[in-house]
Structure formats: C-alpha cells, structure tokens
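I have placed the structure first, in the form of structure tokens, so that the comments after it can refer back to it.
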Amino acid sequence: MTEQSGLPRPQGLPAARPGLDRTRGRVVSESGTDWAGLLIEVRDRQDRAAFAALFRHFAPRVKGFLMKSGAGAALAEECAQDVMATLWQKAHLFDPARASVSTWVYTIARNKRIDALRKARRAEPEELDWGPEPEPDQAEAMEAQEETERLGRALARLPEKQRSLIEQAFYGELSHSEIAAETGLPLGTIKSRIRLALDKLRHHMT
Amino acid sequence: MTIKHHLPDRLLMAYAAGQLPEAFSLLVATHVSLCDECRARLGAFEAVGGALIDGIDAIDIGEAALDAVLARLDELPQATRAEPLRAAGILPAPLADYVGGDLSAVRWQRIGGGVRQAILPTARDASARLLYIPAGMAVPDHGHRGLELTLVLQGAFADANDRFDRGDVEIADETLEHMPVALAGEDCICLAATDAPLRFRGLLPRLAQSLFRI
C-alpha cells in the first residue's frame, strides 16, 4: 500500500523525526498524533510525507461525512480528494490556536458540500492573518485538539435523541429553522479559548 | 467599536452546519468579519463539526486516491503567507465580494423618500439587499413574515426598543412591528436579509414593493 505512493509512512510519532522541532518539546494528545504539527510541516515545508499522513487519517472521514450528507460513494471520494487538496493549498490559513485540524478539515468539507452538493455559493468571513510573526505556542495548539476530543466524548455521552439532532443538523438533514441552538455541549470553554487567541492576534496586528 | 447586538446561537450553529440560505450566510459572514465575539462563538460551533469528523465511521478511500492527489499537488500553488483579506472601505470583504467593490460600486435604486436599495445576487430561498437611509429618515413601516436580519454598516438607526450602530444586528420576525429611524448625523447603510418578502403598509409602498422586489 504505502509503496505505491512512493512516500515513507511516518514512523511512529512525528516528534520522533529529527529536526522537526528544535526548540519546543512536542506535546502529543491522547489520540497519539500531533495533527497540527503535521499540518504545520505541510504549511512551512510542503512536506508530502506529513500530507500523506493527514490524508490517510482524514480523507476516509471526510468521505464518510459526505456520504452521511447524501453523496454517493464516487462523488464523496472525489470531493474528499478535493478537500485534501484544499488543505494543502490553504495550509497557510490554518491557525492551530483557534481550531484543531479536525475542525478545520470539517469547515473545508462543509464548504465543499455546499459547493458540490447544493451547488450554492457561500460567503466566508474575512480571514485573520497571523500578522508579522506571532507563532501560536505549542500548548495553545494542543489545547485546541484536546478540546475537540473532549467535545467528542461529551457528544458521545449525550442522550441519543439530542445527539441525533446535532448530527442531523451537521449532516444537512435539518433546515436552519429546525436547528435549535441548545446543544448541551460545553461550548463556552472553547469560545473563551478562541476569544483569547483572537485577542492575541489582534494585538499583533495593530 | 463595541458591538452590542450579536447573532443568536441558532443562526451561528446553522451557519457552522452549512444550513443557512445564501442571503443569511452573507449577513453572518459580514457580521463575523466585524465581531470577534461572534467569530469565537462560531468557532465553538464549528468545533462540534470537528468532533463529528473525529468520531465518524471512516469509509476506505485507498492509496490510489492519495496518489492521485499527490500527483495534483505540483500544479496547486501553495500560498505561503496570506495577505489578509481585509477590506479597506466600509464594506467587509464578503460583502464587497458580492457588490464587486466598496460603496462606490453599489448600484442603488431609489424607492422613495430618499431611501435607496440594492438587491444582491443570491439564491432565491432568501434575499439580501443593501439599504441606504438618509440621516433622520424612517425606513418605511413594514411588518414581517419570516425572519429579517438587519446589519448596520454605516451610521446608526433606532427602533422602539434600541439603538443599532455599525456591526449591530437587529433580529425581527412576525412579532415585531417596527419603525426603524436612521439617526441624525450620518446617512445609514444596512445589509438586510430576509426569508420572506416584506409587506409594506399602504398602497403606494405596496406598488413600490411589487416593482422593486422588496
């Protein structure tokens, strides 16, 4: 399998690869992989091995997401490839202090769904760039990933009916007027963390 | 700039889930461009999507698909650092994108009383338009069917309950009979999105309504 792509599959954790991160110790989340670190490799060094690792993990999930949203297998696979190509192209816009890689991949997949399945246009907010130099620190990046994982556990613990409503909303089975915002999920802490990251960003931009 | 009137959670969640009509998406994206508070709340709802992606049943995609994408990467220019997509004028970037420029590019139609509007090209399940209301003038009296959102871009207006400045969003539905008045000082420019046609009181405005699709 791996041989076909002509790329080495990263052995173990990316932290084990020399020269990846010379100044900071890597913190790895419970899922065992520092996805943000891999995406930063893609962003800063056009690292294809890191891209391949991201692809193997996320492309099948994006395909699953699009199929749950009503796409057939062939279209879902084609769109999943496009989503991963967009991840490569737009890696410079990824801000690990504000979103986990899963969340960022979700937003690209969602936009692809609107574009390809609903054939509609969608307005996006202005991008916030990182400004002259601030690199979010490793701890912030890990926090975003851990928070998404905590959210996943909280989602799994919700009563079936409630979880199903949230899933239906995100898979596109509810209209906007049917969506109720009471998720029962701990979103306040996530909002506060993102707010802090934004304040820091604004501080650097001015 | 302190924004006092924010987007309600259900709209942010519907936007995060990708379920809003295009006209409402435009208004949400424009407000979020101006409001860090709602940007952070939107980020929290998008994290729900991230958690779903984490927990979803992965469907095998095969190494051939990876090879196909790897082969494409060479032709995909990878921008290194973004030039911030920040608009320099009155209209935030997502709105400037629909207008084709800043305020000077808006093609206004007069709808009486000095009030002007410009309907923006969106899918027809909801409509979006810019409104220009001279300072001190009232927006024509109208009731609503469905949901109407009004985002202030320049100047300010007040309804019976509150005052709305740049970045503020007024939410109106069937229950609100309102008569917003542009405040003295600066002409007021708003983005309004609605999922039902407005009905105006009185014959003349109703004629105007059928002529101008408001």
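Line by line, the protein sequences give chains A and B. Numbers 29 to 234, taken from this note's numbering, label the letters of the first sequence in order. Numbers 26 to 239, taken from this note's numbering, label the letters of the second sequence in order. Ideal placement from N, C-alpha and C gives every residue a C-beta, glycine not left out.
Say whether chain A places a C-beta atom closer than 7 Å to the C-beta of residue i.
{"i": "residue 11 of chain B", "result": "Outside the shown range of chain B, which is 26 to 239, sits residue 11 of chain B, and nothing can be said about it."}
{"i": "residue 47 of chain B", "result": "yes"}
{"i": "residue 29 of chain B", "result": "no"}
{"i": "residue 74 of chain B", "result": "yes"}
{"i": "residue 81 of chain B", "result": "yes"}
{"i": "residue 173 of chain B", "result": "no"}
{"i": "residue 217 of chain B", "result": "no"}
{"i": "residue 185 of chain B", "result": "no"}
{"i": "residue 127 of chain B", "result": "no"}
Distance, Cα to Cα, residue i vs residue j?
{"i": "residue 220 of chain A", "j": "residue 32 of chain B", "result": "17 Å"}
{"i": "residue 135 of chain B", "j": "residue 97 of chain B", "result": "50 Å"}
{"i": "residue 229 of chain A", "j": "residue 197 of chain A", "result": "31 Å"}
{"i": "residue 180 of chain B", "j": "residue 113 of chain B", "result": "17 Å"}
{"i": "residue 92 of chain A", "j": "residue 136 of chain A", "result": "14 Å"}
{"i": "residue 60 of chain B", "j": "residue 88 of chain A", "result": "35 Å"}
{"i": "residue 141 of chain A", "j": "residue 102 of chain A", "result": "14 Å"}
{"i": "residue 28 of chain B", "j": "residue 191 of chain B", "result": "7 Å"}
{"i": "residue 226 of chain A", "j": "residue 217 of chain B", "result": "27 Å"}
{"i": "residue 196 of chain B", "j": "residue 113 of chain A", "result": "38 Å"}
{"i": "residue 65 of chain A", "j": "residue 133 of chain A", "result": "15 Å"}
{"i": "residue 109 of chain B", "j": "residue 57 of chain B", "result": "Since pLDDT at residue 109 of chain B reaches only 49, below the 50 mark, its modelled position is unreliable, and no value is offered."}
{"i": "residue 94 of chain B", "j": "residue 62 of chain B", "result": "37 Å"}
{"i": "residue 199 of chain B", "j": "residue 171 of chain B", "result": "6 Å"}
{"i": "residue 66 of chain B", "j": "residue 174 of chain B", "result": "18 Å"}
{"i": "residue 147 of chain B", "j": "residue 184 of chain B", "result": "27 Å"}
{"i": "residue 53 of chain A", "j": "residue 40 of chain B", "result": "Interpretation of residue 53 of chain A is limited by its pLDDT of 43, a score under 50 that renders its predicted location unreliable; no figure is taken from the coordinates."}
{"i": "residue 232 of chain A", "j": "residue 68 of chain A", "result": "20 Å"}
{"i": "residue 99 of chain A", "j": "residue 204 of chain A", "result": "20 Å"}
{"i": "residue 187 of chain B", "j": "residue 111 of chain A", "result": "43 Å"}
Below 7 Å on C-beta distance, what does residue i contact in chain B?
{"i": "residue 170 of chain A", "result": "Correct list: empty, because the minimum Cβ distance to chain B is about 14 Å."}
{"i": "residue 109 of chain A", "result": "90, 93 and 94"}
{"i": "residue 122 of chain A", "result": "Near residue 122 of chain A there are no residues of chain B at all, since even the closest Cβ is about 10 Å away, more than 7 Å."}
{"i": "residue 91 of chain A", "result": "84 and 86"}
Starting from residue i, find everything on chain A with Cβ-Cβ shorter than 8 Å and list it in chain order.
{"i": "residue 58 of chain B", "result": "153 and 154"}
{"i": "residue 211 of chain B", "result": "Under the 8 Å cutoff, chain A gives no residues; its nearest Cβ is about 23 Å from residue 211 of chain B."}
Where do the N-terminal and C-terminal ends of the alpha helix (DSSP H) with residue i fall, by residue?
{"i": "residue 215 of chain A", "result": "Careful: residue 215 of chain A lies outside any alpha helix (DSSP H) and carries neither H nor E."}
{"i": "residue 188 of chain A", "result": "188 to 198"}
{"i": "residue 70 of chain A", "result": "63 to 73"}
{"i": "residue 55 of chain B", "result": "47 to 59"}
{"i": "residue 147 of chain B", "result": "No alpha helix (DSSP H) contains residue 147 of chain B, which DSSP labels as neither H nor E."}
{"i": "residue 84 of chain A", "result": "76 to 96"}
{"i": "residue 119 of chain B", "result": "118 to 124"}
Under 7 Å between beta-carbons, which chain A residues line up against residue i? List them in chain order, please.
{"i": "residue 50 of chain B", "result": "150 and 151"}
{"i": "residue 64 of chain B", "result": "153 and 226"}
Starting from residue i, trace the beta strand (DSSP E) in both directions and tell me its first and last residue.
{"i": "residue 107 of chain A", "result": "Residue 107 of chain A -> not in any beta strand (DSSP E); alpha helix (DSSP H) instead, spanning 101 to 117."}
{"i": "residue 136 of chain A", "result": "Run containing residue 136 of chain A: none in the beta strand (DSSP E); it sits in the alpha helix (DSSP H), 129 to 144."}
{"i": "residue 197 of chain B", "result": "194 to 197"}
{"i": "residue 217 of chain B", "result": "213 to 219"}
{"i": "residue 32 of chain B", "result": "Looking at the DSSP string, residue 32 of chain B is not in any beta strand (DSSP E), and its letter there is neither H nor E."}
{"i": "residue 175 of chain B", "result": "173 to 179"}
Interface residues of chain B around residue i at Cβ under 8 Å?
{"i": "residue 203 of chain A", "result": "44"}
At a CB-CB cut-off below 9 Å, which residues of chain A make contact with residue i?
{"i": "residue 113 of chain B", "result": "Going along chain A, no residue has its Cβ under 9 Å from residue 113 of chain B, so there is no contact; the nearest lies around 11 Å."}
Residue i touches chain B at which residues, Cβ-Cβ below 9 Å?
{"i": "residue 61 of chain A", "result": "Going along chain B, no residue has its Cβ under 9 Å from residue 61 of chain A, so there is no contact; the nearest lies around 12 Å."}
Does any C-beta atom of chain B lie closer than 7 Å to the C-beta of residue i?
{"i": "residue 64 of chain A", "result": "no"}
{"i": "residue 82 of chain A", "result": "no"}
Checklist entry - For the stretch 185 to 200 of chain A against the stretch 85 to 97 of chain B, are there 3 or more C-beta pairs whose distance is under 8 Å? => result no
Checklist entry - Counting Cβ pairs, one atom from each stretch, are 3 or more of them under 8 Å apart for the stretch 204 to 221 of chain A and the stretch 166 to 179 of chain A? => result yes
Next on the checklist: Check whether the stretch 74 to 82 of chain B and the stretch 73 to 81 of chain A are in contact - that is, three or more C-beta pairs closer than 8 Å.
Outcome noted: no
Next on the checklist: I want to know whether the stretch 144 to 158 of chain A touches the stretch 44 to 56 of chain B - three or more CB-CB distances under 8 Å.
Outcome noted: yes
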